[in-house]
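Protein sequences, first through last, are from chains A and B.
Our numbering applies: residue 303 is where the first sequence begins, and numbers increase by one.
Our numbering applies: residue 231 is where the second sequence begins, and numbers increase by one.
Ideal Cβ positions, reconstructed from N, Cα and C, are used throughout, including at glycine.
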Amino acid sequence: MLNTITTATGPTPDAGPMRTHPARIIAIKEEAYAIATYEIEFEDPALKEAYQFKAGQFNMLYLPGIGEAPISMSSDPATPQVIGHTIRYAGNLTRAISRLQVGDVIGVRGPYGSAWPLEQIEGDDLCIVTGGIGLAPLRPVIYHVLRHRERYGRVFLLYGARTPDDMLYEDEFESWKQQGIQLYLTVDRADPSWRGHVGVVPMLFYLLRLDPKKTTVLTCGPEIMIHFVIYEAMARRIPKERIYVSMERNMKCGVGICGHCQFGPHFVCKEGPVFPYAAIEPFFGVEDF
Amino acid sequence: MPEFTPNIGAFVSIQKSDLQRVLEALKQAGFTLIGPTVDESAIVYGEIDGIDDLPIGWTDRQEPASYRIVRRQDEAFFGYTVGPHSWKKFLFPPKQRLFRVEKKNGSFQVVDEEEPAPRFAFIGVRGCELQAIHIQDRVFLGGPYQDPNYKARRQQVFVLAVNCTEPGGTCFCASLGTGPQVGSGFDIALTELDDTFIVEVGSEVGATMMRNVPWRPTSAFELQQAREALATAVKAMGRQLDTSDLPDLLYNNLEHERWNQVAARCLSCANCTMVCPTCFCNDVLEVSDLKGEQFERVRVWDSCFSIEFSHVHGGNIRPHTRARYRQWLTHKFASWIDQFGILGCVGCGRCITWCPVGIDVTEEIDAIRGEV
């Protein structure tokens, strides 16, 4: 419905929310086989200054001629001028990223999505349960907790990888432990040097004595792992409102208009990726949904 | 000819051939006319020059998996039902460059589009279609992020709507309350009688476009004729849908046996999503020149029926037709309500007509309800 015809030609649309911004790689750290952490900073000084993100959110990374992919931040949200992304080389874009070097430029837009509820869960015991590269979007939580250790109760990190060589951030484990994070590690397949647990991540729950009244579970990893993490947590009477899940779906736009990441009523890119389990329970585990 | 234009909200009557004067006024104001026209044995939407391009004297016959145009006994201007096209292809084009990227000094630069968005006048928008536009408004403009391409086109669209007195065999807008009478949001709405158009003026600009048109106040008899034509249309509608227990009906039946049965028929061809006036799923492609220096980000329509749609590393979330059909139907009739506060279907019947195997959404929902 038109009340006026304002101009002869009308507006010219700009790139809008899809605009990507050049950012330079300032460090690359090999983490495990086909996994590395890229530290990047925006070329535009104003953007570098203004950019902030919350633990659990993601950026859309872009390479000219290749395309885009959603990757969560794995670095400390308190120092957002340098953004860390831990990337597993799995698809077109991430394989192309694997060929980049320090000084190369990638496109970044974001941050997108929901975050781990760090303020809401202050005072709680935290049980962080992750598998594989699922640790990456939870490392910002660990950094936040370490910065504000007094705001949280006991903190458990349950982490599993395929083999000891696939463990991410191993060089930080000692420091995390010293600052009061209780680490429980497991692998699917041990090697001769491994002295820890062998088996799936949810089994690590049996090593803990959790207080269901004050424990919050934060989990990210393969969906089948999450399924059993929820099972173990609920078996310990942790309410589903205090189990937070980071979901993975195909995300193309990051802003809720492309439709790919739909999960029932939710757009995972917009209302997720972090959901309280209570919000997704009716649909979680429905096959092929 | 009256010296003044009709008031907003007024009903006036004009001679049918004088619609040409409205179209001329729109062209003079800089609008590109988009309207129904006969092309490749269908009534489609394309650029038109005047009333001569309209499908005057044509109608269509629609049934599941069947569409035919046939001559009418009369010379009605809008005596057909909606065809395979919808207005979404003009507000949300099937293929559209969002911006360009140029490599430069070891970095790259985003180059915005320079062309202003086209200014369209849509001629002959039905009630169901106007509702479809309102639904896409919520998708592209209602969230925290607004789509600038959609916005630039949408905010300057002129809508010449038509009350639908010619429902088709696959229509069920009356069940959803989206037609046959047009709702709000038009600039001009026509009701077609034998020799006359009743014109309802909906906006300032709509009134302005009437300035060269001889009009007279609509008589009570004509208004009665219009009401009767709409009432007849409601009764003539080929299909109906009980929406009473949506969305829970679908959410509570995600493992219903009917999904297997419909999956055995569904070709997963995506026709329904292409003809649907509300389906908005899209992808952005990276198009490179041969040197690898210039790139375009090109948005294209996508469909939840394509195998890659739900791809994540390691596989597809919805690998089978059963899962994809279930996604589409539950999105339209259940999760859309949660997402946008409104049903995702307008009852236009296109998905039924253009489904190659004639799958009928109203029948599928009835079956899940246990009424087939």
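Compare the C-beta of residue i with all C-beta atoms of chain B and state if any pair is closer than 8 Å.
i              : result
G415 (chain A) : no
K554 (chain A) : yes
P584 (chain A) : yes
D316 (chain A) : yes
T322 (chain A) : yes
C560 (chain A) : yes
L363 (chain A) : no
P594 (chain A) : With chain A covering 303 to 591 only, the question about residue 594 (chain A) has no answer from this structure.
E476 (chain A) : no
M303 (chain A) : yes
K345 (chain A) : Reading the sequence as shown, one finds Glu at residue 345 (chain A) and not Lys. For E345 (chain A), the answer is yes, since a Cβ of chain B falls inside 8 Å of its Cβ.
A336 (chain A) : no
F591 (chain A) : yes
Measuring alpha carbon to alpha carbon, tell me which of the options ends up nearest residue i.
i              : options                        : result
G265 (chain B) : B:L253, B:Q258, B:A259         : B:L253
H561 (chain B) : A:T339, A:P567, A:Y579, A:F585 : A:P567
N482 (chain B) : B:F352, B:D279, B:M504, B:R599 : B:R599
L440 (chain A) : A:L420, A:G369, A:A398, A:K572 : A:L420
Y335 (chain A) : A:G409, A:A329, A:P379, A:I435 : A:I435
E434 (chain B) : B:E422, B:D417, B:F350         : B:D417
W445 (chain B) : B:N237, B:I238, B:V242         : B:V242
R326 (chain A) : A:I342, A:A392, A:M320, A:I559 : A:I342
Y391 (chain A) : B:G407, B:A564, B:C506, B:H543 : B:H543
V505 (chain B) : B:G309, B:S247, B:P324, B:D279 : B:P324
M375 (chain A) : A:Q422, A:V384, A:I368         : A:V384
Y297 (chain B) : B:V587, B:T592, B:I595         : B:V587
V387 (chain B) : B:R349, B:P378, B:E359         : B:R349
T432 (chain A) : A:R539, A:L520, A:I483         : A:L520
V547 (chain A) : A:H446, A:Q564, A:E525, A:W478 : A:E525
N379 (chain B) : B:A459, B:L360, B:R529, B:N335 : B:R529
Closer than 8 Å, CB to CB, is residue i near chain A or not?
i              : result
I363 (chain B) : no
P346 (chain B) : yes
N512 (chain B) : yes
F329 (chain B) : yes
M504 (chain B) : no
F308 (chain B) : no
H543 (chain B) : yes
F388 (chain B) : yes
I598 (chain B) : no
H486 (chain B) : no
N379 (chain B) : yes
P549 (chain B) : yes
M231 (chain B) : Note that M231 (chain B) scores a pLDDT of 47, beneath 50, so its modelled location is shaky; the value from the coordinates is reported in the next line. By this cut-off, M231 (chain B) is not an interface position.
V369 (chain B) : yes
Could you name the residues of the same chain whose beta carbon sits closer than 7 Å to that of residue i, not counting the 5 residues immediately before and after it, in chain order?
i              : result
I547 (chain B) : S540
I589 (chain B) : V492, R495, C496
C585 (chain B) : P294, A295, N501, C502
A329 (chain B) : The sequence given here has Phe at residue 329 (chain B), not Ala. Closer than 7 Å at the Cβ level, and outside the excluded window around F329 (chain B), lie V340, V341, D342, E343, R527.
M231 (chain B) : Only weak support is given to the placement of M231 (chain B): the predicted model assigns it a pLDDT of 47, under 50, and the value that follows is read from those uncertain coordinates. Answer for M231 (chain B): P444, listed in chain order.
Q292 (chain B) : T311, G398, G399, T400, G579, T583
S536 (chain B) : A500
So, at 6 Å on beta carbons, what are the nonlocal neighbours of residue i in its own chain, with the 5 sequence-adjacent residues on each side left out?
i              : result
T465 (chain A) : V489, R491
Kindly give me the distance between the Cβ atoms of residue i and residue j, rounded to whole angstroms, as I take these residues to be in contact under 8 Å.
i              : j              : result
T400 (chain B) : I244 (chain B) : 32 Å between Cβ atoms; not a contact.
S271 (chain B) : I299 (chain B) : 6 Å
L437 (chain A) : Y461 (chain A) : 6 Å
C394 (chain B) : G409 (chain B) : 5 Å
I273 (chain B) : L321 (chain B) : With a Cβ gap of about 19 Å, I273 (chain B) and L321 (chain B) do not count as contacting.
I483 (chain A) : I444 (chain A) : 7 Å
Would you say the beta carbon of residue i is closer than 7 Å to some non-hydrogen atom of the ligand FAD?
i              : result
E472 (chain A) : Looking for the ligand FAD in the displayed structure turns up nothing, as the structure carries no ligands at all.
For residue i, which residues in the same chain have their Cβ closer than 8 Å to its Cβ, ignoring the five residues on either side in sequence?
i              : result
E543 (chain A) : P578, Y579, A580
S238 (chain B) : According to the sequence provided, residue 238 (chain B) is Ile. The question's Ser does not apply to it. The residues are V431, G432, S433, E434, G436, A437.
S247 (chain B) : I281
V392 (chain B) : F308, G354, V355, R356, V412, A419, L420, T421, E422
K479 (chain A) : L485
Is the shortest distance between the beta-carbon of residue i and the beta-carbons of chain D less than 8 Å?
i              : result
L480 (chain B) : Absence of chain D from the displayed structure is noted, the protein chains being A and B.
Does the contact criterion of 3 or more C-beta pairs under 8 Å hold for the region 520-531 of chain A versus the region 496-507 of chain A? yes
Three CB pairs or more closer than 8 Å across the region 574-589 of chain B and the region 514-533 of chain B: no
For the region 312-328 of chain A against the region 373-392 of chain B, are there 3 or more C-beta pairs whose distance is under 8 Å? yes
Does the region 545-557 of chain A come into contact with the region 436-453 of chain B, if we say contact requires no fewer than three beta-carbon pairs (one atom in each stretch) closer than 8 Å? no
At least 3 beta-carbon pairs within less than 8 Å: the region 470-481 of chain B vs the region 272-291 of chain B: no
Given 8 Å as the limit, is there contact between the region 568-582 of chain A and the region 301-315 of chain B, that is, 3 or more CB pairs closer than that? no
Does the structure place the region 392-410 of chain B close enough to the region 465-475 of chain B that three or more beta carbon pairs sit under 8 Å? yes
Counting beta carbon pairs with one atom in the region 393-408 of chain A and one in the region 363-377 of chain B, are three or more of them shorter than 8 Å? no
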